[in-house]
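Structure first, then comments.
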Amino acid sequence: MLKKLLLSMFASSVMLFAANVGDLSSVKTLKIDRDMTKMGKSCVECHAKETPGMVNDWKESRHGHVGISCIDCHQVKKDSPMATQACPGVKGTDVYISLLVTPKTCERCHPSEVKEFQESGHGRAGLQVHAKDGMQKLMNHFEGADNPHTKGSAEATGCMQCHGKVVELGKDNRPTAETWPQAGIGTIYPDGSVGNCASCHTRHKFSIAEARKPAACSSCHLGPDHPDKEIYDNSKHGHIFNAEGNEWKYDSAPDAWEPGDYRAPTCATCHMSGIGDLKTTHNVSRRLKWNLWAPKSNLRDGGLDNAVKVWKEEGKFSKGNPVAGHPDGSVAARAEMEKVCSSCHSTLHTKNFFEMADKHVILYNESYFEPAKKMYDELKAKGLIAQDPWTDEFHKVYYHLWHHQGRRMRQGALMNGPDYAHWHGVFELQQDIRELKKIYEHRMKTGKID
Amino acid sequence: MEEIKKSKSKVIVPLSLVIVGLILGLIISFGSSIGVKHTSDKNYCSSCHTMQPVTNSYKMDVHGGAGKHGIEVKCVYCHLPQDSMANYLTTKVKTGLHDLYAEYFKDTSKIDWQAMREHRESFTYDSACLNCHTNLKDSTESNLKALIAHRKYFSKTTDKTCVGCHQNVGHKDLGLYLPKN
């Protein structure tokens with residue numbers, strides 16, 4: 001009796017597990033008979049055997065529900081630069097497909113999302129890497145060691161997995177190993193479009209719930225230079241999310257995801273979601289007052305980002321608009337962010353919080369960045385910075401001051417991560433500025449780099 | 001006698017003027033309607049050498065008669081606005097004069113056709129597309145793809161135009177026909 005009971009419990013737990021992970025074995029014999037074209041059905045049925053993981057994702061997606069199938073996104077016109085007949089299912093027919101699916105495809109049904117995205121800082125993520133010589137030199141010369149056998153590896157495995165790169169095609173119109181696969185949010189495609197919706201809504205499920213969880217952002221927004229995920233975890237918002245976030249509701253319709261579905265905000269709530277009277281937006285820069293990533297934090301009064309516009313109109317790589325934000329400027333941006341806060345907090349709570357966080361940004365600008373920059377400029381003018389800056393102690397400390405601890409200090413303050421605002425932030429900075437002063441005074445006195 | 005003559009001429013002169021005017025008006029309007037018709041289809045448009053690639057790709061397209069039913073949509077149905085007669089005619093005269101000028105006084109071999117495709121919004125008109133595709137607006141879940149893809153367009157929450165998404169509609173595989181730069 002006990003044996004039978006245990007056996008049935010084991011069997012039911014196996015079934016439960018299988019149901020939860022998506023039953024790949026059933027995908028293999030998938031037979032679709034719904035309002036899809038003949039070709040659409042045959043793609044799904046064949047790929048259920050060939051690539052069951054992809055079809056499993058699709059069958060759990062909203063696209064699957066509304067009858068948007070493989071070919072609706074992967075089919076391209078014969079004259080597309082990406083057109084191939086690499087799949088045996090379409091070889092010899094008049095159907096051409098592309099493995100790459102670009103924002104031009106997504107915007108056929110989601111035009112506002114793509115437009116807002118392209119006007120945000122995310123839009124320039126890939127373009128600016130090409131426009132900044134320093135970044136090119138860092139990837140290829142300093143990190144890539146100019147090794148002819150491993151060309152592009154630093155870029156392909158690291159940088160562009162977040163930033164995105166120009167996808168290049170081989171002779172067969174299929175992407176090259178140096179440029180694909182990538183998840184870069186600013187990917188630049190052969191059809192001229194920019195962006196990568198799959199960075200947050202991963203293939204082929206394109207889940208809104210997934211994009212609303214902090215994990216969507218934290219594959220890029222982590223680490224020593226912008227530990228946004230860690231800062232979030234350090235905040236009370238992250239504390240609540242980590243304690244009970246697995247019980248929240250993440251799949252409410254856009255603009256209808258409100259407190260009650262969750263008890264604390266995730267990244268998406270503050271930076272993108274429609275909440276209260278606020279409209280949902282894919283412009284992640286829109287609600288930001290400062291550019292906290294820059295060497296010196298400036299107010300975001302520059303309007304929308306223009307890198308994608310320049311790329312489309314002039315075909316040029318550009319650094320974009322470092323003070324891009326709300327089209328009506330930083331005051332409007334902050335007002336919108338305060339509206340987010342007011343869904344849960346009192347006005348006094350919100351105002352007091354931002355007053356002190358803003359002061360921490362000003363403290364960084366005035367007491368750390370500006371004096372450091374002044375010393376750097378003076379040394380440079382006197383030829384007292386080494387030709388290869390990465391061998392120069394002053395340059396290294398200066399770089400870490402703004403790019404690492406300086407960002408942590410500011411981002412920690414504005415996202416309420418005390419350990420980052422303080423120990424990983426301003427505490428490190430007060431050490432750095434002393435170090436810089438020491439090197440500066442020594443070099444000015446001796447007139448040489450030791 | 002004199003008076004009768006005078007009163008006769010008083011009637012006859014304006015009357016004959018009206019009749020002459022009517023005839024002239026008929027001739028002119030008949031002539032211009034023939035002219036408008038004559039300058040509207042592929043035969044006239046493709047009489048310029050420059051227009052050959054677009055005509056060839058058009059002939060291969062559903063809009064150019066290559067569909068199941070052989071319906072041919074004239075060049076001007078898409079390339080002139082269909083919202084009002086006045087707008088239609090003024091745009092026709094303007095673009096017609098521009099094309100004539102370009103054909104005879106400019107070096108047409110220097111036209112960057114691939115780049116021009118990026119400005120397709122400026123020489124096609126949504127009013128033209130919607131003149132025929134009227135049912136799109138009323139599509140429901142019976143035609144899900146049409147409903148979902150066009151919902152934002154008809155609710156005016158996007159500034160995308162028809163050719164913003166349907167890039168070489170009317171000209172099948174246009175990129176293969178146009179000269180590469």
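If you read the sequences in order, they're chains A and B. Read in order, the letters of the first sequence correspond to residues 1 to 450 in the UniProt record's numbering. Read in order, the letters of the second sequence correspond to residues 1 to 181 in the UniProt record's numbering. Yeah, the Cβ is synthetic: ideal placement off N, Cα and C, and Gly gets one too.
In the DSSP assignment, what residue or residues form a beta bridge with I188 of chain A?
A:V166, A:V194
Straight-line gap, P81 of chain B to P227 of chain A (C-alpha atoms, nearest Å)
54 Å
Buried/exposed call for R434 of chain A, threshold 16 Cβ in 10 Å:
exposed
Other residues of its chain near F142 of chain A: CB distance less than 7 Å, five sequence neighbours each side excluded
W390
Taking only beta-carbon positions, decide if N168 of chain B is within less than 9 Å of chain A.
yes
Evaluate T281 of chain A with the Cβ neighbour count: other Cβ atoms within 10 Å of its Cβ, from every protein chain shown; 16 or more gives buried, anything less gives exposed.
buried
Comparing alpha-carbon positions, which option in A:I275, A:E244, A:Y262 lies nearest A256 of chain A?
A:I275
Does R408 of chain A pass the burial test, meaning 16 or more other C-beta atoms within 10 Å, or should it be called exposed?
buried
DSSP-derived helix/strand/coil call for T84 of chain A
strand
Quick check on this structure: which residue in A:K38, A:A264, A:E113 has the alpha carbon closest to the alpha carbon of V90 of chain A?
A:K38
Kindly indicate which three-state DSSP category G21 of chain B falls into: helix, strand or coil?
helix
If contacts are defined as beta-carbon pairs under 8 Å, then S343 of chain A and P259 of chain A qualify, I think. What distance do you get, rounded to the angstrom?
5 Å
In the DSSP output, what is L72 of chain B paired with across the bridge?
It is worth fixing the name first, because residue 72 of chain B is Glu in this sequence and not Leu. The partner list for E72 of chain B (beta bridge, DSSP) reads B:G64.
If contacts are defined as beta-carbon pairs under 8 Å, then S330 of chain A and R287 of chain A qualify, I think. What distance do you get, rounded to the angstrom?
So it is not a contact: roughly 10 Å between Cβ atoms.
For residue 522 of chain A, which residues does DSSP report across the bridge?
Within the shown structure, residues of chain A are numbered from 1 to 450, placing residue 522 of chain A beyond reach of any answer.
According to the neighbour-count rule (16 or more other Cβ atoms, all chains shown, within 10 Å of its Cβ), is N242 of chain A buried or exposed?
exposed
From what residue to what residue does the alpha helix (DSSP H) around Y420 of chain A run?
418-421
Using three-state DSSP, classify Y125 of chain B as helix, strand or coil.
coil
Residues in the same chain with beta-carbon distance under 7 Å from S57 of chain B, minus the five sequence neighbours each way, listed in chain order, please.
H171, K172, D173, L174, Y177
Residue nearest to G302 of chain A in terms of C-alpha spacing, selected from A:L292, A:E314, A:P322:
A:P322
Cα separation between S32 of chain B and T91 of chain B?
15 Å
Contact the region 63-70 of chain B vs the region 108-127 of chain B: 3+ CB pairs below 8 Å:
no
Rounded to a whole number of angstroms, what is the C-alpha to C-alpha distance between G320 of chain A and T176 of chain A?
27 Å
Report buried or exposed for F369 of chain A, applying the criterion of at least 16 other Cβ atoms within 10 angstroms of its Cβ.
buried
Measure from the C-beta of Y153 of chain B to each C-beta in chain A and report whether the shortest distance is under 9 Å.
yes
Would you call N135 of chain B buried or exposed, if buried means 16 or more other Cβ atoms sit within 10 Å of its Cβ?
exposed
Strictly below 9 Å CB to CB, what residues from chain B border P111 of chain A?
K152, Y153, T157, T158, D159, K160, G164, C165
With a threshold of 7 Å on Cβ separation, who are the neighbours of E210 of chain A within its own chain once the five nearest residues in sequence on each side are excluded?
H201, T202, A216
Listed from N- to C-terminal order along the chain, which residues in the region 66-86 of chain A have their beta-carbon within a distance smaller than 7 Å of any beta-carbon of chain B?
V66, G67, K77, K78, D79
If you draw a straight line from the alpha carbon of L130 of chain B to that of A66 of chain B, how long is it in whole angstroms?
21 Å
Cβ-based burial, residue 481 of chain A [other Cβ within 10 Å; buried from 16]:
No information on residue 481 of chain A is available, as it lies outside the stretch 1 to 450 that chain A covers here.
Looking at the C-beta of A66 of chain B, does it have a partner C-beta in chain A at a distance below 9 Å?
no
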